[in-house]
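The structure appears right after this line, and notes come after that.
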Amino acid sequence: ANMEDDHVGVRPPYGIAGYTADRKAVVANHRYDLWLLPLDGSAATNLTGGQGTKDEMRFRLVSTEPPDPTLPRLARARNVFDLTKPQTLQAYGQWTKKAGFYELSDGTLRPLVYEDASFSTPVRAMRADRFLFTRETFAEFPDLRISGPGFAGSKKITDANPQQKDFLWGHRVLFDFKNKDGVRLQGILAIPDDYKPGEKRPMIVTFYEKNSQNMHVYTPPVYMVSMGRMPTQAVSDGYLTMMPDVHFRTGSSHSDMLECVEAATRKVIEMGYADPAKVGVTGHSYGGEGAAYIGVKSKMFAAVGMGAGVVDLYNDFNMNWGWTYAAPGGSGDTGFNYYLHDQGRWGFSPWDRPDRYHSESALTWAPQASAPFLIMHGTSDPTVGFINGLAFYNALRYNGKKAVLLAYPNEGHHLGGLANQRDLTIKFMEFYDHFLKGAPAPAWWTDGVPFLKKGEKEEPAKR
89 ANMEDDHVGV
99 RPPYGIAGYT
109 ADRKAVVANH
119 RYDLWLLPLD
129 GSAATNLTGG
139 QGTKDEMRFR
149 LVSTEPPDPT
159 LPRLARARNV
169 FDLTKPQTLQ
179 AYGQWTKKAG
189 FYELSDGTLR
199 PLVYEDASFS
209 TPVRAMRADR
219 FLFTRETFAE
229 FPDLRISGPG
239 FAGSKKITDA
249 NPQQKDFLWG
259 HRVLFDFKNK
269 DGVRLQGILA
279 IPDDYKPGEK
289 RPMIVTFYEK
299 NSQNMHVYTP
309 PVYMVSMGRM
319 PTQAVSDGYL
329 TMMPDVHFRT
339 GSSHSDMLEC
349 VEAATRKVIE
359 MGYADPAKVG
369 VTGHSYGGEG
379 AAYIGVKSKM
389 FAAVGMGAGV
399 VDLYNDFNMN
409 WGWTYAAPGG
419 SGDTGFNYYL
429 HDQGRWGFSP
439 WDRPDRYHSE
449 SALTWAPQAS
459 APFLIMHGTS
469 DPTVGFINGL
479 AFYNALRYNG
489 KKAVLLAYPN
499 EGHHLGGLAN
509 QRDLTIKFME
519 FYDHFLKGAP
529 APAWWTDGVP
539 FLKKGEKEEP
549 AKR
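Reading the sequence shown from the start, the letters are residues 89 to 551 in this note's numbering.
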């Protein structure tokens with residue numbers, strides 16, 4: 089069972105990797121190791137000999153063979169492993185974030201390739217002992233590679249992003265920090281290429297549950313569809329960008345986000361990278377409601393971005409979820425399960441603990457906000473009702489706080505229109521440039537758009 093799972097209820101299993109070719113056993117996934125479970129009920133065997141647990145390295149069986157076209161589709165989908173032959177295992181370091189492949193043969197593990205990178209599952213050629221896969225890092229595009237059986241010394245056969253050499257791209261570092269209970273957590277910090285030791289740069293923080301597993305994920309420059317995806321251009325523009333892990337308890341999700349985001353931010357400041365007076369935070373959806381809560385409770389952040397987040401938990405607990413009742417055949421489900429057992433992680437209803445639902449709602453603490461807010465919300469959002477963004481904006485303005493609401497007509501939980509994505513990306517960067525770098529305030533921030541002018545064509549922003 090996955091004892092690290094922090095949702096309310098029964099801990100889920102890590103699952104079954106597949107069947108053995110002799111039909112006598114299944115291979116089960118442990119947190120780190122692989123176990124052989126005979127179907128006759130006899131004793132299980134640790135196939136990886138406990139090395140995964142010892143080194144805190146996750147091993148998983150992968151099938152590198154192309155599907156047999158002569159088999160029925162359902163049979164091809166089943167994972168069957170012949171353990172009398174050498175098997176390829178994916179390997180992932182829990183705390184190092186290294187990844188690669190090992191070979192398991194006759195009970196012996198042998199490393200093939202294990203690097204500070206992320207790899208796709210290799211696929212063997214139909215009629216040759218050659219393999220196709222990708223390798224990527226924060227700065228390395230996942231181009232196609234070919235190799236022999238050992239995967240080391242692979243040859244890159246595509247160059248899909250040659251224009252990257254013309255930009256200051258940056259690099260990432262991995263760091264450890266702890267919450268108040270001493271739980272070990274990690275964060276990933278992206279640093280501009282022109283950073284000089286001892287400099288204290290402005291930093292933008294974004295978060296969404298766990299993020300450190302994305303240490304070696306390549307993200308191409310794209311327009312923003314939400315407030316939770318950090319624009320790749322931010323590092324090229326000179327910002328530090330940081331993504332921390334969040335550890336959740338039961339019934340205190342927003343306080344947990346506040347605690348962990350602050351702890352990770354303090355760590356980066358202690359490491360000497362970030363200017364403590366020039367740190368911003370942003371989030372979307374679940375991260376958006378956390379960003380709203382952080383923005384009204386913390387004094388650590390100079391600017392806050394919040395997208396499509398719930399700000400009144402008591403009310404939202406009772407809302408229908410739009411995609412279930414509006415779609416044909418929808419169940420008409422409410423948010424009950426989400427809040428009690430799923431991502432919300434509350435474990436109790438608003439009537440069981442009204443004090444907790446009240447205190448964990450960002451709307452409650454709007455009078456305490458000190459940082460300026462940039463709020464975005466699609467007016468047709470079926471997941472988090474637009475009323476949340478609107479109510480939060482009104483509450484902040486009523487209490488004399490600085491806030492702008494970017495309301496995108498006919499958009500859902502994420503922006504689908506290219507023009508809107510471009511608009512959000514430009515305004516996002518102008519917002520943080522103003523409050524973290526001291527750039528002049530854009531007109532849309534100082535003047536807004538009067539109600540009678542809404543709908544008129546806006547002069548295109550330049551960037």
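C-beta atoms are modelled at their ideal positions from N, C-alpha and C, and glycine is treated no differently.
Beta bridge pairing from DSSP links Asn-476 with no other residue.
In the three-state reduction of the DSSP assignment, Arg-233 falls in the strand class. Per DSSP, the continuous beta strand (DSSP E) segment holding Arg-148 begins and ends at 145 to 150.
A straight line joining the alpha-carbon of Ser-324 with that of Gly-138 spans about 43 Å.
Taking the CA atoms as reference points, Thr-133 sits about 18 Å from Thr-176. Rounded to the nearest angstrom, the gap between the Cα atoms of Pro-319 and His-259 is 15 Å. In this structure, Ile-382 and Val-356 do not form a Cβ contact; the two beta carbons are roughly 16 Å apart against a cut-off of 8 Å. With respect to Phe-207, Ala-278 sits apart: the two C-beta atoms are not nearer than 8 Å. Residue nearest to Ala-322 within the set Pro-280, Asp-344, His-446, Ser-314 is Pro-280 (criterion: CA-CA distance).
By alpha-carbon distance to Tyr-120, the top candidate from Asp-469, Tyr-107, Leu-135 is Leu-135. Per the Cβ contact rule, the segment 292 to 302 is in contact with the segment 364 to 382 (3 or more Cβ pairs under 8 Å). Under the three-state reduction of DSSP output, Glu-191 falls in the strand class.
Here the segment 258 to 276 makes contact with the segment 331 to 339; the two share three or more CB pairs at distances below 8 Å. Per DSSP, Pro-442 is one residue of the alpha helix (DSSP H) stretching across 442 to 447. At a Cβ-Cβ threshold of 8 Å, Lys-525 and Pro-308 do not count as neighbours.
Rounded to the nearest angstrom, the gap between the Cα atoms of Leu-124 and Val-201 is 25 Å. Residue pairing from DSSP places Thr-108 in a beta bridge opposite Phe-169.
Shortest Cα-Cα distance from Phe-461 to any of Lys-542, Gly-368, Asp-443, Thr-184 involves Gly-368. DSSP links Asn-408 through a beta bridge to Thr-422.
Note that the C-beta distance between Met-145 and Gln-182 is below 8 Å. In this chain, the beta strand (DSSP E) harbouring Met-394 covers 391 to 395. Going by C-alpha positions, Arg-148 is about 9 Å away from His-118. Counting the other Cβ atoms within 10 Å of the Cβ of Asp-440 gives fewer than 16, which makes it exposed.
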